[in-house]
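Oh and the sequence shown: position 69 is 73 in our numbering, straight run, nothing missing.
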Amino acid sequence: MKEFERKIIAELLEESELKNIALSDAADNEVVEFSGAGYFLTIKNPSLPRHRIVLDSPDIRGKLGGIDVGYLAFVENSELMLECYSYDQEILPKHRDKGFVRNAT
């Protein structure tokens, strides 16, 4: 997980009923899948609930490698899935490697 993703997840968790959950730094619990219009970072953690929770607050938008994107997360079955979505451009691994710059609010 990239440092900017860790910060995004922490902020999304802080605004939810899961604010006391600490995610592991172990990379073996992580899977990244690119969908073309974005990517999904899935983290397994037994301390996460099994019931579905949508983490969409606060609204996190900005630029990932120069492309306009937004982030939200879903928790279900003891997994957290961070979704990065673009509005009209393809997201590639190289964009993720360039980092995220959040829009000023």
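Built from N, CA and C at the ideal position, the CB exists for glycine as well.
Please name the residue in the options whose C-alpha comes closest to that of residue i.
i: C88; options: I71, E80, K48; result: I71
i: P97; options: V58, A77, G42; result: G42
i: N81; options: R54, K102, D101, L59; result: R54
i: A14; options: S90, A77, D32, E34; result: A77
Could you check where the beta strand (DSSP E) with residue i kicks off and where it finishes?
i: E19; result: No beta strand (DSSP E) contains E19, which DSSP labels as neither H nor E.
i: R56; result: Premise fails: R56 is in no beta strand (DSSP E) and is neither H nor E.
i: L45; result: 42–48
Which same chain residues, not among the five before or five after residue i, have their C-beta less than 6 Å away from its C-beta?
i: I12; result: I64, Y75
i: L68; result: H99, F104
i: G66; result: F104, V105, R106, N107
i: A26; result: none
i: F38; result: none
Tell me, which residues are paired with residue i by DSSP?
i: D72; result: K67
i: L96; result: Bridge partners of L96: none, in fact.
i: S90; result: V73
i: L84; result: I47, V79
Note down the Cα distance separating residue i from residue j, rounded to an integer number of angstroms.
i: V36; j: S61; result: 22 Å
i: L16; j: D92; result: 24 Å
i: D6; j: D101; result: Residue identity differs from the one stated: residue 6 is Lys in this sequence, not Asp. Approximately 8 Å, taken between the alpha carbons.
i: L22; j: M85; result: 14 Å
Cutting at 7 Å between CB atoms, please list the residues of its own chain near residue i, excluding the five before and the five after it.
i: E9; result: L45, L86
i: S20; result: I57, L59
Below 8 Å CB to CB, which residues in the same chain sit around residue i once its five sequence neighbours on both sides are set aside?
i: E83; result: T46, I47, K48, N49, L52
i: G40; result: E94, I95
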